[in-house]
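> Chains R and W, in that order, are what the protein sequence lines are.
Take the position in the first sequence, starting the count at 1, then add 2; the result is the number in our numbering.
Take the position in the second sequence, starting the count at 1, then add 95; the result is the number in our numbering.
Note that beta-carbon positions come from the ideal geometry of N, C-alpha and C, so glycine has one too.
Here it is, the structure, as structure tokens.
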Amino acid sequence: ELKVEQNPLFLSMQEGKNYTIYCNYSTTSDRLYWYRQDPGKSLESLFVLLSNGAVKQEGRLMASLDTKARLSTLHITAAVHDLSATYFCAVDFQTQGGSEKLVFGKGTKLTVNP
Amino acid sequence: ETGVTQSPTHLIKTRGQQVTLRCSSQSGHNTVSWYQQALGQGPQFIFQYYREEENGRGNFPPRFSGLQFPNYSSELNVNALELDDSALYLCASSFGPYTGGDNEQFFGPGTRLTVL
């Protein structure tokens with residue numbers, strides 16, 4: 003069964019600092035997602051990474067995927083308070099029945115302090 | 096283009112009761128997946144519906160059941176509610192059960208279920 007591990011689970015950082023969230027997964031997958039979730043809200047898609055070496059950037063966030071290492075990173079540059087949220091990585095997993103499901107990590111709760 | 100919608104937004108039930116949650120898929124999408132997100136956890140896959148049939152299921156007991164209608168909307172039914180069923184229930188729609196290429200699942204706003 004596919005397992006997805008994120009670390010750290012909690013991250014408190016100061017505005018202006020840089021940090022990286024890591025996402026490891028246990029079996030082969032060609033697709034990895036990063037989502038943002040604000041308290042009480044649904045999931046907002048940030049990035050879809052489709053292949054080995056994929057790198058995507060949006061504003062202060064940059065995500066990368068290494069399928070050989072089964073590792074994705076979400077790098078935060080010069081953090082601002084508005085980035086405070088919980089960030090999830092999720093990996094596509096094809097079930098025996100032929101459907102695809104997303105397997106999520108436990109999430110990283112990011113707090114950016116002034 | 097209409098996004099994924101869910102109803103109701105919030106729901107309070109007592110143990111032993113039954114509940115039905117509803118999801119309308121995004122325009123053009125024919126596949127609906129349901130996820131349960133307990134407080135402080137990542138979402139967990141419940142099941143997927145494609146062509147009005149269950150097409151894959153996670154580790155959830157049979158008291159979690161669903162339907163998909165010809166217009167691709169879907170229902171999640173939970174019988175004999177337990178306290179641990181309290182969670183945010185998310186549905187996601189996609190075009191087909193295989194999210195290859197740029198096809199991805201788009202999530203609705205969720206239904207917050209509280210079981211007392």
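Any beta carbon of chain C sitting closer than 7 Å to that of Ser-28 (chain R)?
Although the question refers to chain C, the structure presented lacks it and instead comprises the protein chains R and W.
> Could you have a look at Leu-134 (chain W) and say whether DSSP puts it in helix, strand or coil?
For the purposes of this step, residue 134 (chain W) is identified with residue 39 of the second sequence, where counting begins at 1. The answer is coil: DSSP assigns Leu-134 (chain W) none of H, G, I, E or B.
> Name the chain W residues that come within less than 9 Å of Lys-108 (chain R), Cβ to Cβ?
As a working mapping, residue 108 (chain R) is identified with position 106 in the first sequence. Within chain W, the residues near Lys-108 (chain R) are Gly-135, Gln-136 and Gly-137.
> Rounded to whole angstroms, what's the CA-CA distance from Arg-117 (chain W) to Ser-14 (chain R)? Just pull it up for me.
Position 22 of the second sequence, counted from the first residue, corresponds to residue 117 (chain W). Position 12 of the first sequence, counted from the first residue, corresponds to residue 14 (chain R). Between Arg-117 (chain W) and Ser-14 (chain R), the C-alpha separation is close to 37 Å.
> DSSP puts Val-96 (chain R) in a beta bridge; with which residues?
Residue 96 (chain R) sits at position 94 when you count from the first residue of the first sequence. A small correction: the amino acid at residue 96 (chain R) is Gln; Val does not occupy that position in the sequence shown. Answer is R:Glu-102.
> What's the gap between the Cα of Gly-61 (chain R) and the Cα of Ser-188 (chain W)?
If you number the first sequence from 1, residue 61 (chain R) lands on position 59. If you number the second sequence from 1, residue 188 (chain W) lands on position 93. Taking the straight line from one Cα to the other gives about 27 Å.
> So is His-124 (chain W) buried or exposed if we call it buried at 16+ other beta carbons inside 10 Å?
What you label residue 124 (chain W) is simply residue 29 of the second sequence in a count that begins at 1. Answer is buried; the Cβ neighbour count reaches 16.
> So which residues of chain R does Tyr-145 (chain W) contact, with C-beta pairs closer than 8 Å?
Taking the second sequence and counting its residues from 1, the one referred to as residue 145 (chain W) is at position 50. Simply Ser-101.
> Counting along the chain, where does the beta strand (DSSP E) carrying Leu-162 (chain W) start and finish?
Here residue 162 (chain W) is taken as the residue at index 67 of the second sequence, counted from 1. Element bounds for Leu-162 (chain W): 159-163.
> Going by Cα to Cα distance, which pick from R:Thr-22, R:Gln-8, R:Gln-16 and R:Gln-39 is closest to Ile-78 (chain R)?
The residue you call residue 78 (chain R) lines up with position 76 of the first sequence. Here the closest residue by C-alpha is R:Thr-22.
> Three or more beta-carbon pairs under 8 Å between the region 51-67 of chain R and the region 96-113 of chain R, yes or no?
Result no; under three Cβ-Cβ pairs closer than 8 Å.
> In chain order, what are the residue ranges of uninterrupted beta strand (DSSP E) at least 3 long that sit wholly in the region 49-93 of chain R?
You should have 57-60, 63-68 and 73-78.
> Taking the continuous beta strand (DSSP E) assigned at Val-173 (chain W), which residues delimit it?
Here the question's residue 173 (chain W) lines up with position 78 in the second sequence. Where Val-173 (chain W) is concerned, the enclosing beta strand (DSSP E) stretches over 169-173.
> Should Phe-49 (chain R) go down as buried or exposed, given a rule of 16 or more other Cβ atoms within 10 Å for buried?
If you number the first sequence from 1, residue 49 (chain R) lands on position 47. That one is buried.
> Below 8 Å on the Cβ atoms is my guess for Gln-113 (chain W) versus Asn-174 (chain W); work out the distance and round it to an integer in Å.
For the purposes of this step, residue 113 (chain W) is taken as residue 18 along the second sequence, with counting starting at 1. For the purposes of this step, residue 174 (chain W) is taken as residue 79 along the second sequence, with counting starting at 1. The pair is a contact, with the Cβ atoms about 5 Å apart (cut-off 8 Å).
> Indicate whether at least one CB of chain R lies closer than 7 Å to the CB of Asn-125 (chain W).
Within the second sequence, residue 125 (chain W) is the residue found at index 30, counting from 1. Taking Cβ atoms only, chain R never reaches closer than 7 Å to Asn-125 (chain W), which makes this a no.
> Name the DSSP beta bridge partners of Lys-108 (chain W), please?
Along the second sequence, one-based indexing puts residue 108 (chain W) at 13. Lys-108 (chain W) pairs with W:Val-210.
> Going by C-alpha to C-alpha distance, which of R:Ala-87, R:Gln-39, R:Leu-34 and R:Arg-38 sits closest to Leu-51 (chain R)?
Position 49 of the first sequence holds residue 51 (chain R). The shortest Cα separation from Leu-51 (chain R) among R:Ala-87, R:Gln-39, R:Leu-34 and R:Arg-38 belongs to R:Leu-34.
> Check Leu-112 (chain R) in the structure and name its three-state DSSP category.
Position 110 of the first sequence, counting from 1, holds the residue named residue 112 (chain R). Looking at Leu-112 (chain R) - three-state DSSP - the assignment turns out to be strand.
> Going by other Cβ atoms of all chains shown within 10 Å of its Cβ, with 16 needed for buried, is Asp-179 (chain W) buried or exposed?
In the second sequence, counting from the first residue as 1, residue 179 (chain W) sits at position 84. It counts as exposed.
> Quick test of the definition: if touching needs 3 or more C-beta pairs under 8 Å, does the region 138-145 of chain W touch the region 153-167 of chain W?
Yes, the region 138-145 of chain W touches the region 153-167 of chain W.
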